[in-house]
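Visitor: Note that my numbering numbers the sequence shown so that position 17 is 20, with each residue one more than the last.
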Amino acid sequence: GLGSIRGTIVAAFIIGISDGIISVFYEPTLAKMLATLFVAMVLVLKPSGLYGEEVV
Numbered sequence: 004g005l006g007s008i009r010g011t012i013v014a015a016f017i018i019g020i021s022d023g024i025i026s027v028f029y030e031p032t033l034a035k036m037l038a039t040l041f042v043a044m045v046l047v048l049k050p051s052g053l054y055g056e057e058v059v
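#1: Does the Cβ of ALA43 have 16 or more other Cβ atoms within 10 Å, making it buried, or fewer, making it exposed?
#2: Please classify ALA15 as buried or exposed, where buried requires at least 16 neighbouring CB atoms within 10 angstroms.
#3: Tell me the DSSP secondary structure of GLY52 in three-state form.
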């Protein structure tokens, strides 16, 4: 997320690679929808980010 450059780079890599692979086999629109779904799922399941630390 915004506080973790490592998490941002990992997320960008995952979204970019999956977007490219999905676009080869399916419609590019589907790839964009799945990327958006991935971001939404991360925000719901891990609101602190991929590498975020929980604040107590």
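Glycine included, C-beta positions come from ideal geometry on N, C-alpha and C.
Guide: With the given structure in hand:
#1: Locating residue 43 in the sequence shown gives position 40, counting from the first residue. Burial call: exposed.
#2: To locate residue 15, count along the sequence shown from 1; it is residue 12. By the 10 Å Cβ count, ALA15 comes out exposed.
#3: Translated into the one-based positions of the sequence shown, residue 52 becomes position 49. Note: GLY52 maps to coil in three-state DSSP.
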